[in-house]
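Chains as they are written, first to last, in the working numbering: chain A, 1 to 205; chain B, 206 to 410. Here a beta-carbon is modelled for each residue, glycine too, at the ideal position from N, C-alpha and C. Scroll down for the structure; my scribbles are underneath it.
2 protein chains.
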Amino acid sequence: MSDRAIRLLLADDQALVRGALSALLGLEPDLEVVAEVGAGDQVVPAALEHHPDVALLDVEMPGMDGIAATAALRASVPDVRVLIVTTFGRPGYLRRAMQAGASGFVVKDTPAAQLADAVRRVHAGLRVVDPALATDSLVAGESPLTARETEVLQAARDGSSVAAIAAKLFLSEGTVRNHLSSAIGKTGATNRAEAVLTADGNGWL
Amino acid sequence: MSDRAIRLLLADDQALVRGALSALLGLEPDLEVVAEVGAGDQVVPAALEHHPDVALLDVEMPGMDGIAATAALRASVPDVRVLIVTTFGRPGYLRRAMQAGASGFVVKDTPAAQLADAVRRVHAGLRVVDPALATDSLVAGESPLTARETEVLQAARDGSSVAAIAAKLFLSEGTVRNHLSSAIGKTGATNRAEAVLTADGNGWL
DNA sequence: AAGAACGCATGACAACTGTCACGGGCGAGT
DNA sequence: ACTCGCCCGTGACAGTTGTCATGCGTTCTT
């Protein structure tokens, strides 16, 4: 399996980072970047065209986020292994990424020298997970929020009032307040803003 | 001035991005990365030790942010030119960076091929500014917030209540409410949360 | 010296927010 | 069939928040 270079697909919305990662990985003789895309919904088409062995995906991307892209990729091109490379080590991201079929999860403040190794391990069929993040993920656990609570909190992220949220989701104001109150309780917050912050910080939104 | 490679200092808190940028710029024969640091307060010491020609600084960094690092660097090692390379194109960042003495300002979603050119231009004494961002900066203008309003809004970022903010800043609750109300008015928000978002989005915090 | 802008504070009012108790409907699992 | 959890809603209550008028002291500019 090793007389041919490992073919890589890079997906990151920041062109500079994408290009830089490409340069970094291109330095390794056994790695070859065959495609670069800047949006989640370009991942599958690019994979179909260039047949990469490993896809490095960011989570935060326009169009389709990296988690959804992972799922889509696994569904349509199962041979491709996915390594998530992201800025934010939110526990929920890790969990959801693995559930979506990712083989690895690396945060962007790991040393540059380790990235190539992570790629090789993923290509070899191993799983690569940041150890510190893995324990965080166990502690934080799955999102305790129900679908509606999540939706309401998402709508509250931009500082909307209860009335605005209710209008957007076609709910009564009282219902919105109930969902918010419940979400506040579950997140251990005292506040809507706090609840949004902790839920977001855990990758629950 | 051009028979010697341009010496670069890289500062970014994400090791992976730092290393990747280093690889990218290292591909250019006339550029040489002589130092890499991961925190703002390491910029000046590293510059004193390695005598770079150009420093590439991120804005978001632990210890000391890129803007403060720019000012410190210009003060202690005036020969070094500064190119800010950042994720967020907040108008206020641009303005403050230039006022702090930066020679250039590049967002991380500019094409990778342009970065080396930007470095060369900055080294040649030119100013490099993202055009779209420059106009935004003119529109958004300087922060309309007073020192106290800014401080109060910063304290409100984590969803603190009025009482908590008042306690933290040793103010009466009424005063905090007044400052908040004024900040809300100036930002065109209807809300504390909204005010925080727009102020933050403009780089006023 | 006067005015303007800022910071701090108080008190009062309306609006919004968070909580609670309660009820009904729906689907999943026992 | 029954329970459980989730969703939706109402109404009421206390607490918080945003606004406004007003006052005083300080600093900076004209």
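Asked, Found
"Can the beta-carbon of A/L94 be found closer than 8 Å to that of A/F105?", "yes"
"If contacts are defined as beta-carbon pairs under 8 Å, then B/G297 and B/W409 qualify, I think. What distance do you get, rounded to the angstrom?", "5 Å"
"Helix, strand or coil: which one does DSSP assign to B/A368?", "helix"
"Applying the criterion that 16 or more other CB atoms from any shown protein chain within 10 Å of the CB defines a buried residue, is A/L21 buried or exposed?", "buried"
"Cβ atoms of B/L261 and B/L229: under 8 Å apart, would you say?", "no"
"Quickly, what does DSSP pair B/G309 with across the bridge? List them, please.", "B/L288, B/V333"
"Taking C-alpha atoms, which residue in A/D30, A/D65, A/L27, A/L31 lies nearest to A/V43?", "A/D65"
"On the DSSP bridge list, what partners appear for A/E32?", "A/R7"
"So, do the region 144-154 of chain A and the region 178-185 of chain A have three or more beta carbon pairs nearer to each other than 8 Å?", "yes"
"In chain order, what residues of the same chain lie with their CB nearer than 8 Å to the CB of A/I6, ignoring the 5 residues before and after it?", "D30, L31, E32, D53, V54, V119, R120, H123"
"Please name the residue, chosen from A/L197, A/S161, A/S172, that lies closest to B/T395 on a Cα-to-Cα basis.", "A/S161"
"Quick one: list the residues of chain B neighbouring A/S216, beta-carbon separation under 7 Å, in chain order.", "Since the displayed chain A opens at 1 and closes at 205, residue 216 of chain A lies outside it and no answer follows."
"Once DSSP output is grouped into helix, strand and coil, what is the label at B/V242?", "strand"
"Beta-carbon separation of A/S195 and A/L153 under 8 Å?", "First, the amino acid is wrong: residue 195 of chain A is Ala here, not Ser. Closer than 8 Å, so yes."
"Quick one: which chain B residues come within Cβ less than 9 Å of A/N191?", "G364, S365, S366"
"Measuring only the C-alpha atoms, how far is A/R128 from B/A274?", "As written in the sequence, residue 128 of chain A is Val, which differs from the Arg given in the question. Going from the Cα of A/V128 to the Cα of B/A274 covers about 35 Å."
"Over what stretch of residues does the beta strand (DSSP E) that includes A/V54 continue unbroken?", "54-57"
"Relative to the C-alpha of B/T340, which residue among B/R295, B/L350, B/D217 is closest?", "B/R295"
"In chain order, what residues of the region 216-234 of chain B put their CB closer than 9 Å to some CB of chain A?", "D218, Q219, A220, L221, V222, R223, G224, A225, L226, S227, A228, L229, L230, G231, L232"
"How big is the Cα-Cα spacing for A/G141 and B/L288?", "41 Å"
"Measure how close the beta-carbons of B/L215 and B/R223 come, nearest whole angstrom, since I'm counting them as under 8 Å.", "5 Å"
"DSSP three-state label for B/S281, please.", "helix"
"With DSSP collapsed to three states, give me the class of A/H51.", "coil"
"If you draw a straight line from the alpha carbon of B/E265 to that of A/G159, how long is it in whole angstroms?", "24 Å"
"Distance, Cα to Cα, B/V381 vs B/L402?", "18 Å"
"Please report the Cβ distance between A/D109 and B/A251, rounded to the nearest whole angstrom; I am assuming they are in contact, meaning their Cβ atoms lie under 8 Å.", "So it is not a contact: roughly 18 Å between Cβ atoms."
"Go ahead and label A/S143 buried or exposed: buried means 16 or more other beta carbons lie within 10 angstroms of its beta carbon, across all protein chains shown.", "buried"
"In whole angstroms, give me the CA-to-CA distance for A/D200 and B/A368.", "24 Å"
"Confirm, please, whether the CB-CB distance from B/A305 to B/A276 is below 8 Å.", "yes"
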